[in-house]
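Residue numbers (the working numbering): 81 to 426.
Backbone N, C-alpha and C fix where the C-beta goes; we use that ideal spot for every residue, glycine too.
Encoded as C-alpha cells, the structure appears first; notes follow it.
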Ligand code: GDP
Ligand code: MN
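Structural data, given as C-alpha cells:
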C-alpha cells in the first residue's frame, strides 16, 4: 500500500461516503420508476427534487419502465433533468398481462364487491397489473439482471432534505435489505385473504420464517383507531412502497420466489386488490431479519397525502413531524409506532 495506510481505516471508509468519491466506488444500483408517458410533468418534478437533494452528488442511473414505449419527448425531457444515464425499458407482455389462470367472470364479480367496500382503483385492471408487477416481477426485467440495489421513485413525490451520503453504500455496508420512510395501515377489504393465503404458505414452508422476524408487527391486533379491525390476522401495517430502497437479492431469493408464486396462483392480485406494499411488507416481516430493515428518518419525503419530515436544517419545504396535510383522521393511519414498538428505531 503506497500510502502506508492500513486497509479499511476510518478515513477511507468515510471517504467512500463523500459526495465526490470516485464514481467507480459506486454501488451496483439504479433509481427506478414505473411511469406512464402522460405522467411526464410529475416525473420531472420528482426527479428534480431527488437530483437536487441527493443524486447530483452521486449520479446513479435512472431506469424507467413502462408497459408501452416511452415517447421521444419523455426521453428527451427526463434525460435533460439529470447528468446521470437514463434507460428506458418496455415491460415484456408476459410480465404485464393478466395471467392465464385468472377467470374473467370471477374478476368482474370481485370488482363489484371491492367497489361496495370502496376500494379505490378496484375496476382498473391496469392497477391490478401494476401491483402484481411491483410485487413479483420488476426485478426480473432483463434490464435489471445485473443490478442489485434500487430506489423506487414515483411521479409527483417530493424530497425535502439534503442527503450527503451514498444511501446505496449505506445499505450495502450496513447489510440492509430494505429501507422505508412511511409505514401505514391498509384498507382491510383490499386484502381479506392475503393473510389466510400466507398462513397456508408458511405451513408448507415453516423453514422460510426467519428466526429474527417481525411477525409481531405483521400480526399486531391492537385496536386500530380508524377501521377498528385487521384483515383476518394481518395487522395491515405496511411499508409504503411508493418509496423503497431495496436489495433485489431478497426478492430474487427462493423464499420470496415461492411466496410470490403462491400468491399469484391464489389470484388475489385480481380477485382482491393486493398491493405490492402489503405483499412486500409481509414477506420482509416473515422471511427477513428485522434488523436488516431500515427507517430512513433523514430522507424527507411526501407522496400525497403523507409525509416523512425530519427535524433538521437540511430539510426545506415540509413541516417538521407532520404526517399528513389531509383530513385529520389520516393521522391515525400511521403504523410507525407499531414498528418502533416491535423493532425499534434502527
Ligand atoms: P397510487 O400511488 O396507489 O395512487 O397509484 P399510482 O397511480 O401512483 O401508481 C403507482 C405507480 O405505478 C406510479 O409510478 C404510476 O406511474 C405507475 N403506474 C400505474 N399504472 C400504470 C400503468 O398502467 N402503466 C404504467 N406505465 N405505469 C403505471
Ligand atoms: Mn402514487
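Residue 247 sits in a helix when the DSSP states are folded into three classes. If you draw a straight line from the Cα of residue 272 to the Cα of residue 315, it is about 11 Å long.
It is roughly 29 Å from the alpha-carbon of residue 297 to the alpha-carbon of residue 114.
Here residue 207 has 201 and 353 as same chain residues with Cβ atoms under 8 Å from its own Cβ, once five neighbours each way along the sequence are excluded. Counting every other CB atom within 10 Å of its CB across the protein chains shown gives residue 180 a total below 16, marking it as exposed.
Per DSSP, residue 423 lies in no beta strand (DSSP E) and is assigned neither H nor E. Annotated as proximal: residue 269 and residue 194, with beta-carbon spacing under 9 Å. Counted as a single uninterrupted DSSP element, the stretch harbouring residue 346 is not any beta strand (DSSP E) but the alpha helix (DSSP H) occupying residues 334–346. For residue 359, there is no enclosing beta strand (DSSP E); the enclosing alpha helix (DSSP H) has its first and last residue at 356–367.
Between the beta-carbon of residue 229 and that of residue 326 there is about 7 Å, and that keeps the pair under the 8 Å contact cut. For residue 170, the pairing in a beta bridge is given by DSSP as 146.
Rounded to whole angstroms, the separation of the alpha carbons of residue 182 and residue 131 is 41 Å. At least one heavy atom of the ligand MN falls within 8 Å of the beta-carbon of residue 322.
Ranked by Cα distance from residue 293, the first of 348, 424 and 245 is 424. When the beta-carbon positions are compared, residue 226 and residue 145 stay at least 9 Å from each other.
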